[in-house]
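In terms of UniProt numbering, the sequence shown is residues 1 to 81. Note that beta-carbon positions come from the ideal geometry of N, C-alpha and C, so glycine has one too. Computed from a predicted structure; not experimentally measured. Below is one structure, written out as structure tokens; the observations come after it.
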Amino acid sequence: MRQERRKPSVLRQVRKELDLTREDIVRRARISASTIRNAELGRTVRQRSAVQILTAINEVLRMRQQPPLTLEALHLVLLEE
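Below is the structure:
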């Protein structure tokens, strides 16, 4: 069975705009590099992982005195649990 092509999330774009590497997000969110990669590619991620990613990004935004993002703004594909 062929894997369905998914639309990438905006996570990579946001990460690049903030000049963050995947490793930066891994460290801040305390999740695996494969989870970040999957999220960026539009693959499913657990709700908990998505919140950890969002929290890590919002910490950086807060330090830079920028408004926070919402989970919806990242367009992550959440695993139905």
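- For the pair Val-45 and Leu-61, the Cα-to-Cα distance works out to about 22 Å.
- Inter-residue distance for Ile-57 and Thr-21 is about 11 Å (C-alpha atoms, whole angstroms).
- Leu-74 and Val-10 have their C-alpha atoms roughly 5 Å apart.
- Using a Cβ distance threshold of 8 Å, Gly-42 and Lys-16 do not count as a contacting pair.
- Straight-line spacing of the CA atoms in Thr-35 and Pro-67 works out to 25 Å.
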